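Its first residue numbered -13, the sequence shown is counted upward by one per residue in my numbering.
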Amino acid sequence: MAKMTDADRKRLWSRAGNQCAWPACRQEVVAGNVGTAPHGLIIGEEAHIISEADDGPRADPNMPLSERNSYGNIVLLCPTHHTFVDKEEGAHYSAEYLHKMKREHEALVSAGQAKTEHGITRQNMSTLVDEWATRVDFDDWPVWTGWMLDVQPRISMDRFSRLRSSGEWLLARYWPESFPGTKKAMKNYLRIHGDFYRYFSYIGHVDGDDLIVRKYHHEIDVWDPSLYRRALALFEGETRTVGDLVVELTRAANFVFDEVRTEVDGQFRVMQGKLLIHVPQGVRDHDRRSRILD
């Protein structure tokens, strides 16, 4: 079985600058003076981008074994982030993302900008924010929020699942104190994201491939004016709360954009601009409309 050559291994470890290549990690891969290892405890792991095995994370059976075990296909990570990238057969981290992460980390090391105890570099932070934006898929934002602001709010099960996944990813991220505005904005976004997801998980009713707010007043079998009014009030209350949360979540995302442009990357989403959401034609909630536009 082909193994990594000594030359490739030296190249990998030297170019990593003794740090895990994960953007938000400052873990040394050779920890100094630990226990009975006075010359340093080796904790770094050589993680395959394309799996060494034919059925492993991000596997490509057509790739020759010699290439799978070469410098170009291996990234140096701490044990924690090696586990992260390979969870669920690597479904959450593509080969393209890992190659990009490795290139950017090694470029920073080469330029003498390795991460320090005070935080991560601006370039690594930019990579982390770009990954968040990709997972949330802001290009689709006006579409799904428009449906959520309709007369009967609805969201596809697929989009709702992706919202959950992006929230779980964000919850596990480390936001350094060296970018205080971005950290504050991300924590605010995560809080509102969690409120929205939990609330709609609680009230949402499965309707085919969608989750919807139920029209309780349409489910009454025997006419009862008092019961009808209570059911209608419940539907309207839930619809209003969903709309409020969608508006606040959009504001929170735009707040993140502003802070990232201030602290990390002045060009972040400059061409795309702010997120917009639209109240569908026929919805007569003037209070909600004004809060979207201000």
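Note that the Cβ used here is the ideal one computed from N, Cα and C, for glycine as well.
Model, not experiment: these values are computed from the prediction.
For V192, no alpha helix (DSSP H) encloses it; the enclosing beta strand (DSSP E) starts and ends at H191 to D193.
Each residue's CA atom was taken as its position, placing F221 and E163 some 43 Å apart. Between the segment 149 to 156 and the segment 169 to 184 there are three or more inter-stretch CB-CB distances shorter than 8 Å, so the stretches are counted as touching.
Annotation for A81: the continuous alpha helix (DSSP H) segment containing it runs A81 to S96.
By the C-beta criterion, the segment 30 to 48 is judged to be in contact with the segment 69 to 76, since at least 3 inter-stretch pairs fall below 8 Å.
Distances from the CA of D136 to each of T227, V15, G30 and E249 were compared; the closest alpha carbon is that of T227.
Put simply, of K(-4), H85, S80 and I29 the residue whose alpha carbon is nearest the alpha carbon of R121 is S80.
In the structure shown, S164 falls within a coil segment according to DSSP collapsed to helix, strand and coil. Where E32 is concerned, the enclosing beta strand (DSSP E) starts and stops at E31 to H34. Burial of P9 is indicated by the presence of at least 16 other C-beta atoms within 10 angstroms of its C-beta.
When DSSP reads this structure, D(-6) sits in no beta bridge, so it has no partner. V71 sits away from L62, with the two beta carbons spaced by 8 Å or more. In the DSSP assignment, V61 falls within the unbroken beta strand (DSSP E) covering I60 to L63.
Assigned with DSSP and collapsed to three states, R215 falls in helix. In chain order, N240 place their CB closer than 6 Å to the CB of K260, counting only its own chain and leaving out the 5 sequence neighbours on each side. Taking C-beta separations shorter than 7 Å and ignoring five residues to either side along the sequence, the partners of R247 in its chain run F254, following chain order.
DSSP places A158 in the coil class of the three-state scheme, outside both helix and strand. Assigned with DSSP and collapsed to three states, E205 falls in coil, not helix or strand. The Cβ-Cβ distance between V232 and M172 does not fall below 8 Å. The residue from W161, Q138 and M(-10) with its alpha-carbon nearest to that of T113 is W161. The beta carbon of L157 sits closer than 7 Å to those of L176, all from its chain and outside the five residues before and after it, given in chain order.
Put simply, the segment 197 to 215 touches the segment 136 to 148. At least three CB pairs are less than 8 Å apart. If you compare the alpha carbons of G132, D181, K(-11) and L262 with that of P50, the shortest gap goes to K(-11). A straight line joining the alpha-carbon of S96 with that of S0 spans about 10 Å. Secondary structure of S0 (DSSP, three-state): helix. P211 and G190 have their C-alpha atoms some 25 Å from each other. According to the DSSP assignment, L114 belongs to the alpha helix (DSSP H) that extends over R108 to V122.
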